[in-house]
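For reference, the structure is listed below as structure tokens.
In my numbering, the protein residues as written are 13 to 151.
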């Protein structure tokens with residue numbers, strides 16, 4: 013399904029993050045600030061991957077908060093691939109934030125839970141060199 017261009021998107025922001033690493037610190041603060049500006053980025057607990065992909069497709073902006081355990085989550089990596097597809101097809105704005113991690117550390121995707129094709133696709137997405145903005149956060 014081809015999604016609408018970012019200019020006609022239904023949602024302002026989709027926030028992709030590894031909850032274990034950032035929910036109670038950086039991402040929690042970011043969500044509070046977004047909510048304070050009237051921007052709803054939250055999904056309902058229990059939403060499935062199809063609902064998640066719909067939300068990604070319907071968002072003007074995707075913010076990806078890369079963190080230490082981001083690449084340990086197949087869910088996060090699937091979001092990443094979908095976000096980059098939307099960026100390429102729909103010109104969605106993508107803002108990557110590297111929280112307590114170097115970009116080079118994202119190459120360490122690989123786990124027996126994932127197929128080699130999945131790991132390769134995710135590795136390519138993690139080292140995407142066309143990101144226009146790089147925000148590094150160290151606390």
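Beta carbons are placed, not taken as given, at the ideal position from N, Cα and C, and that holds for glycine.
By the 10 Å Cβ neighbour count, where 16 or more other Cβ atoms means buried, how is residue i classified, buried or exposed?
i, result
"residue 145", "The predicted model places residue 145 with a pLDDT of 47, which falls under 50 and marks its position as unreliable, so this point remains unresolved."
"residue 94", "buried"
"residue 30", "buried"
"residue 63", "exposed"
"residue 68", "buried"
"residue 127", "exposed"
"residue 26", "buried"
"residue 76", "buried"
"residue 33", "buried"
"residue 116", "exposed"
"residue 90", "buried"
Taking only three categories from DSSP, how would you classify residue i?
i, result
"residue 24", "strand"
"residue 113", "coil"
"residue 47", "helix"
"residue 71", "strand"
"residue 127", "coil"
"residue 35", "coil"
"residue 66", "helix"
"residue 133", "helix"
Who does residue i pair with in a DSSP beta bridge?
i, result
"residue 76", "28 and 108"
Starting from residue i and walking both ways along the alpha helix (DSSP H), at which residues does that stretch end?
i, result
"residue 102", "86–102"
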